[in-house]
Structures are given as structure tokens and as C-alpha cells.
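Asker: Residue numbers (full-length UniProt numbering): 1 to 467.
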Amino acid sequence: MLGDDAHAALGRGEPVPVRLACSGELGTLIRLFLLADDVLAEDASAALAPVSLTNALAAGLLAGDPTPSGTVRTLLDVRPVDLGGGNRWILADLDGALRPHLSTRDHVLGVGHASVSLLRAIPATPVGTVLDLGTGSGVQALRAVDHSEHVTGTDVNPRAAALARATMVLNGVADGDVDLLTGSWFEPVAGRTFDLVVANPPFVVGEGRVHNTYRDSGLDLDGASAMVISRTPDFLAPGGTAVLLASWLHRRDEDWRHRVASWLPDHGVDAWVVQRDVAEPALYVGTWLRDSGEDPRDPAAAQRALDWLTHLHAADVEGIGFGFVFLRRTDAPTDLLAEDLTHGFDDPLGDEAAAYFERVAWLREHDVLQSRLRLAPATALERVSVPGEYGWDERVVRVHRGDGPRWQHEIDDLGAALLAGMNPGGLALEELIALLAAAHDLDCGELEASAVPLVHALVRHGIALPG
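Structure below.
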């Protein structure tokens, strides 16, 4: 009904183009639930049938005057969301985008950008058991039902658990497929392990106070992310994986990678940490104030901003990083790669994360020097030259992966020649290195010492693959 333009306006929080596109009973439902408009009670009654207006009011879904000339409005956000297997209905609190209001302490978030990012980062591989830590309105738990035998969702907010249950009922999920438990962090599942743990926790880097339970943990600075990352491995079954959203500090004289690494055990975990963005403190605080419906110009909000920024400054915080943490339980020494992925890409990270862990396992079990390798089909070699005094001066050589995260690595001519020799029926890596060393009159050991780390990095990024 809406068409592309009105649908885009809905995503931008602009109600007028959407209202103009609405007609009939479907239009009434769009105005009622997606725009949070007041609508005539008689129109709402016709559009909601066979659900009666009386029952909708009694259940707390709607409020207002049910007489034919009266108007009603929604008290909850009810919207269809494509979770990968078709549209599902999500029940949550109104987000304030189209009916501005301040969020309450027990506000239950619906489907936001972070939720969608996490959905795209979770592999669709079938698993046995899933833990959705901090389930909120049940978005991740509902998606997990499609590829698991049983899902457990936990939340410290009883209202979140209640709305998540309503979401499950609304989508016809059987009672035995999902357990929704109320309690703090991992307490409701103490002693249990899962094949998959997913979490979009309250990871906002703040002062350790709770204003909104969906984003504030009560732990100082990035304490919530540190706690979730450090404790999750204990709740993973052997071979189990976790997909977590998290934030971490960027401080003077401290590498954020080392900070995140300190949260992981020395043994038993493969970890891939992907930083997607970094915000400077003022932008970070202003964004989260607006997220809760506060106007940064309001005196009370301005005081909150002052307290928050003062706290960050006192902790030497220069930025706040945000991204994904992928974990897999192993019986080997911990392997960690923490890196930036700030360029744009279209492919979801879920399948890439699963493939990454398989490549890490291969590296652990094989000696690359004894292995035959091949280049991924989407690999490309790029040479960049600039005008020089006597023609083109080559400045950089890069090898690109053209799919997935689109990684790229700068290499030299020797590296390019090494990659050119990789094919499934060709020579092992140590033989390729020996040939290159002989052809260029180089020390074979020195060439090997520089080539092996490069090849390891290319395997991790899916550019060089086992033959």
C-alpha cells in the first residue's frame, strides 16, 4: 500500500507522507500502530476485527474513548519485521520516533538498528539450544526459534519478559519451544550451557547509573561489555558459539584491542572482535540522550550531559568503540583477532563468522608451510600508480577480497608473485618460497619469516584458502 517513497518516509520518522498513502482498514492499522496516530474508534473497531475493541482496550494494547465518535490510540509498538523467514510481529513499547515522549525506566525496545545488526551477524546454522541474554521484546529469540530445538531468553526487566511472551504468542510459537526467564544477567541460567549465545546487552558506556534498563547496566563505563564477554565462555557447550554486541573504551595510551583481550580467558576460546565504529564522547552522549527522547537543550538533559561527559573525561576516554564479538568454545589456547571493519559492505557477518572459525581451526591443525593453498574466486590484485617525472610511479600493491567483508591487504611484488603461484595442484607454500628466494637471490629463511604471517592473515580473511 505505502509504496517506496512513503515506506522510506516511515523509516525516517516522517509521518505525513505515510498518512497521505493510507486508506481503508489496512491504512487504519498503519496509522494506529506504525504512526501511533489517534484514529476514530469505529475505524479501529472495523480494522481490528475479529479482535474486539473492548478486548484491545482491556489488554492494554489501546487507550481512549471506545464510543463510535471517540478516538483510540495504541499504547504499544506492533509492527511486522522480516527476520529472514518472512514477516513476524514484534510487540514493544513505543519508541518516540513518531510520537515523541520520554522513555520510562522499564521501557522495552523494539527492533532498532542494533537489533537488525545482530540479526545479520548470527549464523543461520541449525543448533540445539540458544540463550538470548537480555531478550527485550524477544526479537532474537523469535528468530532463533527457526533454527534451534529450544530457546531460552532472559531479562532483568519483568515488563520485557511479558512483552516477549506476548510476541511469541502473537507469532504462534509453541509454549515448549521458548522459555522466558526474569533475572539479572546469567543468574536465571546458572550452571547451564548452550550451543549458541546471542546478546544485545545494555552496553552503553556511562556513569554506572540506570536510567533505562534496555541500555544502562548499572556498571561503570564499559563494565557491562567486559562482564558479558568474560562470562559468556562459561555458558558455551563444547564447540558452542556466541554473537555479542559490545562497546569498549578508547583511552590515552591504551590500545582498545588489548583492553578487550584482557576480558577473555587464556585458554578455551576462539575470538573474533570486529569494531564497526568509534564515536567521540560528545557525539556519543548526545546520541544516547536523543535516543531516550531527551532534548539536549533542556536544562535537565544538559546537566545529565555535563555529568556524563565529565565522568568520561575523568576516565581519560577519548572515544567509544562499538562492534561485534564472536566467540567459539574450544579446548585449545585462546586465539584472538581484534580488528576494524569500518568500511561499508552488504553481506551479513553471520556466515562470515562461521567460516572464519573454520579457517582458524584449519590454521591450528595444519602447518601452512606444508600446505597447498589457492586464492578465493573473488580475489583481485590492484596496483596503484601516480604520475611521476618519467611516467607512472607505482605506490602500492593490494590484494582484495571482492565479497563478504571485502578485506584488503597491502603487499609487495614478492607477495604478489607468491600468491600467483597458489593453486590446488601446485606447490606447497615452502616450495613456493624456496623458488622465489632462489629467483631473487634472497635468504630463504628470511623470506619464509615474512611470508608465513602474511599467509596466516590472508587465510583468516578468506583470501587464501586450503587447496
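Where a beta carbon is used, it is the ideal one built from N, C-alpha and C, also for glycine.
Measure the C-alpha to C-alpha separation of Val-260 and Trp-248 and round it to an integer number of angstroms.
Answerer: Using only the alpha carbons, I get a separation of about 7 Å.
Asker: Pull up the distance between the alpha-carbon of Val-360 and that of Pro-126, whole angstroms please.
Answerer: Approximately 21 Å, taken between the alpha carbons.
Asker: Compute the distance between the beta-carbons of Ser-69 and Glu-42, then report whether it is under 9 Å.
Answerer: Contact flag set, yes.
Asker: Hey, would you say Leu-196 sits closer than 9 Å to Ser-230, going by beta carbons?
Answerer: Against a cut-off of 9 Å, the Cβ pair of Ser-230 and Leu-196 comes out as no contact.
Asker: Alpha carbon to alpha carbon, what distance is there between Asp-132 and Val-151?
Answerer: Answer to the nearest angstrom: the Cα atoms are 7 Å apart.
Asker: Starting from Phe-322, trace the beta strand (DSSP E) in both directions and tell me its first and last residue.
Answerer: 317 to 333 is the extent of the beta strand (DSSP E) around Phe-322.
Asker: Taking all protein chains shown into account, decide if Trp-272 is buried (16 or more other Cβ within 10 angstroms of its Cβ) or exposed.
Answerer: It is buried - the Cβ of Trp-272 has at least 16 other Cβ atoms within 10 Å.
Asker: Would you kindly check if the distance between the Cβ of Ala-246 and the Cβ of Phe-324 is under 9 Å?
Answerer: In this structure, Ala-246 lies closer than 9 Å to Phe-324 by Cβ.
Asker: In angstroms with no decimal places, state the Cα-to-Cα distance between Arg-297 and Asn-200.
Answerer: Cα to Cα, Arg-297 sits roughly 29 Å from Asn-200.
Asker: With a threshold of 16 other CB atoms inside 10 Å of the CB of Met-1, please say whether the residue is buried or exposed.
Answerer: Met-1 comes out exposed.
Asker: Are the CB atoms of Trp-185 and Ser-225 within a distance shorter than 9 Å?
Answerer: No.
Asker: Rounded to a whole number of angstroms, what is the C-alpha to C-alpha distance between Thr-342 and Leu-62?
Answerer: Those two C-alpha atoms are separated by around 42 Å.
Asker: Val-78 bridges to which residues according to DSSP?
Answerer: Leu-91.
Asker: Using 9 Å as the threshold, is the C-beta distance between Leu-180 and Gly-206 below it?
Answerer: No, the Cβ-Cβ distance between Leu-180 and Gly-206 is not below 9 Å.
Asker: Which residues mark the beginning and the end of the beta strand (DSSP E) in which Gly-239 is found?
Answerer: Gly-239 -> beta strand (DSSP E) spans 236 to 251.
Asker: Here's the rule: buried if 16 or more other CB atoms are within 10 angstroms of the residue's CB, otherwise exposed. What is Leu-48?
Answerer: Its Cβ being crowded by 16 or more others within 10 Å, Leu-48 is buried.
Asker: What span of residues does the beta strand (DSSP E) with Pro-201 cover, start to end?
Answerer: No beta strand (DSSP E) contains Pro-201, which DSSP labels as neither H nor E.
Asker: Looking only at DSSP bridge pairs, what is Pro-466 linked to?
Answerer: In the DSSP output, where bridge partners are listed per residue, Pro-466 has Leu-373.
Asker: Give the DSSP bridge partners of Glu-254, in chain order.
Answerer: Glu-254 is bridged to Arg-251.
Asker: Is Asp-38 helix, strand or coil when you go by DSSP?
Answerer: Correct three-state label for Asp-38: coil.
Asker: Quick one: is Thr-232 buried, meaning 16 or more other Cβ sit within 10 Å of its Cβ, or exposed?
Answerer: That one is buried.
Asker: Measuring CB atoms only, is the region 303 to 321 touching the region 251 to 260, in the sense that at least three cross pairs come out at less than 8 Å?
Answerer: Cβ pair count under 8 Å is three or more, so yes.
Asker: Buried or exposed for Tyr-390, going by 16 or more other Cβ atoms inside 10 Å?
Answerer: Looking at its Cβ environment, which holds fewer than 16 other Cβ atoms inside 10 Å, Tyr-390 is exposed.
Asker: Could you please give the first and the last residue of the uninterrupted beta strand (DSSP E) stretch that includes Gly-64?
Answerer: Per DSSP, Gly-64 belongs to the beta strand (DSSP E) from 62 to 64.
Asker: For Ile-411, collect the residues of the same chain with a Cβ closer than 6 Å to its Cβ; drop the 5 residues on either side in sequence, then sort them by chain order.
Answerer: Here the set comprises Val-397, Val-399.
Asker: Jot down the residue ranges of each uninterrupted beta strand (DSSP E) in the region 88 to 172, minimum 3 residues, whole runs only, in chain order.
Answerer: Runs of the beta strand (DSSP E) inside the region 88 to 172: 127 to 133, 148 to 155.
Asker: I'd like to know whether the C-beta of Ser-52 is nearer than 9 Å to at least one C-beta of chain D.
Answerer: Protein chains in the displayed structure number just one, and chain D is not present.
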